[in-house]
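Asks:
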């Protein structure tokens, strides 16, 4: 009989065990995205980007044909990651771009978390390629979008069948924090949640303002 121990399982993410790869959050890709409202998408992208920046997760930013077709990256990303290199590609599959792969290898994490547009092209390509090369892959599905619900759902199903792990943006943030007793990132996590986590964020604000109560009894 197994005995339980009060430690986190290795399948959970931590700030030090992965890189976040943000792919093709660009205007041309957003115009044809119909599976999620663009304001909701931008909110979720801001949430995960601020979480990664605050927890010092290594981040890779990449675009496709920025100057010739797809347009600039969502403005919140260069604001959150000022002066960070953005890798512009010609390949639809990020994993086939050598400068991106050089950066992945430089970072040296075997666990990758992906988000971007569109799910069925820009996320499926690197997810399946990375899995094939022995990486662990997580996909933040509500920080992705596609031209149709069918395209998005089939893409997620295909990646899951190949071994990728789906998750959501708020789940990503809270998994980085994981324990409200971690005081050094408590304020960071709750401030991001207040600004971007919908009803949950409003609830944090409400509890603090009316009752002086915070998550975890802080």
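Numbering (the numbering used here), first residue to last: 5 to 222.
By construction, the Cβ of each residue, glycine as well, lies at the ideal position given by its N, Cα and C atoms.
1) Can you grab the Cα-Cα spacing for the pair residue 198 / residue 208, in whole Å?
2) Which two residues bound the contiguous beta strand (DSSP E) that contains residue 140?
3) Nearest to residue 26 by CA position, among 40, 9, 57 and 72, is which residue?
4) In terms of residues, what are the limits of the alpha helix (DSSP H) holding residue 162?
5) Return helix, strand or coil for residue 186, following the three-state DSSP convention.
6) Compare the Cα-Cα distances from residue 80 to each of 110, 51 and 94 and report the closest residue.
7) Assuming residue 81 is part of the beta strand (DSSP E), what are its boundary residues?
8) Measuring from the CB of residue 177, is there a heavy atom of the ligand PLP at a distance below 7 Å?
9) Answer yes or no: do residue 90 and residue 98 have a C-beta to C-beta separation smaller than 8 Å?
10) Please report the residue range of the beta strand (DSSP E) in which residue 120 lies.
11) Are the beta-carbon atoms of residue 65 and residue 88 separated by less than 8 Å?
Replies: In terms of the structure at hand:
1) Reading the chain shown from its first residue, position 194 is the one you call residue 198. Reading the chain shown from its first residue, position 204 is the one you call residue 208. Answer to the nearest angstrom: the Cα atoms are 6 Å apart.
2) Looking up residue 140 in the chain shown gives position 136. Looking at the DSSP string, the run of the beta strand (DSSP E) that includes residue 140 is 140-144.
3) Here residue 26 refers to the residue found at position 22 of the chain shown. Residue 26 has its Cα closest to that of 57, out of 40, 9, 57 and 72.
4) Working through the chain shown from its first residue, we reach residue 162 at position 158. Its alpha helix (DSSP H) spans residues 153-166.
5) As a working note, residue 186 is residue 182 in the chain shown. Here residue 186 sits in coil by DSSP.
6) Walking along the chain shown from the start, residue 80 turns up at place 76. Among 110, 51 and 94, the Cα nearest to that of residue 80 is on 51.
7) In the chain shown, the residue the question calls residue 81 occupies position 77. That residue, residue 81, is in no beta strand (DSSP E); its alpha helix (DSSP H) goes 80-84.
8) No copy of the ligand PLP appears in this structure; indeed no ligand is present at all.
9) Walking along the chain shown from the start, residue 90 turns up at place 86. Walking along the chain shown from the start, residue 98 turns up at place 94. Contact: no.
10) If you number the chain shown from 1, residue 120 lands on position 116. Its beta strand (DSSP E) spans residues 115-120.
11) Position 61 of the chain shown, counted from the first residue, corresponds to residue 65. Position 84 of the chain shown, counted from the first residue, corresponds to residue 88. Cβ atoms of residue 65 and residue 88: closer than 8 Å.
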